Amino acid sequence: MISTDTVRVIDENGENLGVLGTADAIEQAAAVGLNLVEVSPSAKPPVCKFLDVGKFRYEAQKKASAARKTQKTQDIKEVKMRPNIDTHDYDVKMRNVFKFIDQGDKVKVTLRFRGREMAHQHLGMDLLKRVQDDTGEVAKVEAFPRLEGRQMLMVISPK
């Protein structure tokens, strides 16, 4: 609802019709078969435009739908290791980490300790520090290494 007596009117083609009385502007919009919509209420006088409200809502909905389709959600991928991992196995896991980061996903690096390996948690910290150093150029650490039960976790995300 337009509360002022006069408004600046823009027609459906984008041409400025000047400052008119609100009742006049509403009549002109109705004569063309459109609605009078307040575009800029803070301007002096407020700016109103002739619009087909149904068409406007439909186009806005289509635009929002197209934006949702092109949007990429960021997933969290997980790479699991053991503290005594061999160099070749480590290289294969790191190749996967780099692939996930290039795709724009976060990576959760999980180190699982078994049996007496819990006595050597420093090996796990060293391994996660090595992962952090190797990925330093393309990723940043989002969650620093922490121990949860028998697992040590670290989350890295693309820069």
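Heads up: the sequence shown at position 143 corresponds to 146 in the working numbering, and the numbers run straight through without jumps. Backbone N, C-alpha and C define an ideal beta-carbon position, used for all residues, glycine too. All of these numbers come straight from a predicted model, not from anything done at the bench.
Through-space distance from residue j to residue i, alpha-carbon basis
i: residue 114; j: residue 67; result: 41 Å
i: residue 86; j: residue 140; result: 23 Å
i: residue 73; j: residue 61; result: 19 Å
i: residue 101; j: residue 158; result: 13 Å
i: residue 99; j: residue 69; result: 31 Å
i: residue 90; j: residue 71; result: 42 Å
i: residue 117; j: residue 154; result: 9 Å
i: residue 95; j: residue 42; result: 57 Å
i: residue 16; j: residue 7; result: 24 Å
i: residue 81; j: residue 122; result: 24 Å
i: residue 18; j: residue 27; result: 17 Å
i: residue 134; j: residue 103; result: 14 Å
i: residue 9; j: residue 58; result: 26 Å
i: residue 145; j: residue 83; result: 17 Å
i: residue 111; j: residue 127; result: 14 Å
i: residue 149; j: residue 125; result: 12 Å
i: residue 147; j: residue 119; result: 24 Å
As assigned by DSSP and simplified to three states, the class of residue i
i: residue 120; result: helix
i: residue 4; result: coil
i: residue 10; result: strand
i: residue 106; result: coil
i: residue 141; result: coil
i: residue 133; result: helix
Residue i - containing beta strand (DSSP E), residue span
i: residue 162; result: From DSSP, residue 162 is part of no beta strand (DSSP E); its letter is neither H nor E.
i: residue 24; result: 19-24
Interface flag, residue i vs chain D, CB-CB below 8 Å
i: residue 27; result: Looking for chain D here will not work: only one protein chain is present.
What runs of the beta strand (DSSP E), each 3 residues or longer, lie entirely inside the stretch 28-104?
-> 38-43, 50-54 and 79-84
At a cut of 8 Å, does the stretch 66-83 reach the stretch 43-58 through at least three beta carbon pairs?
-> no
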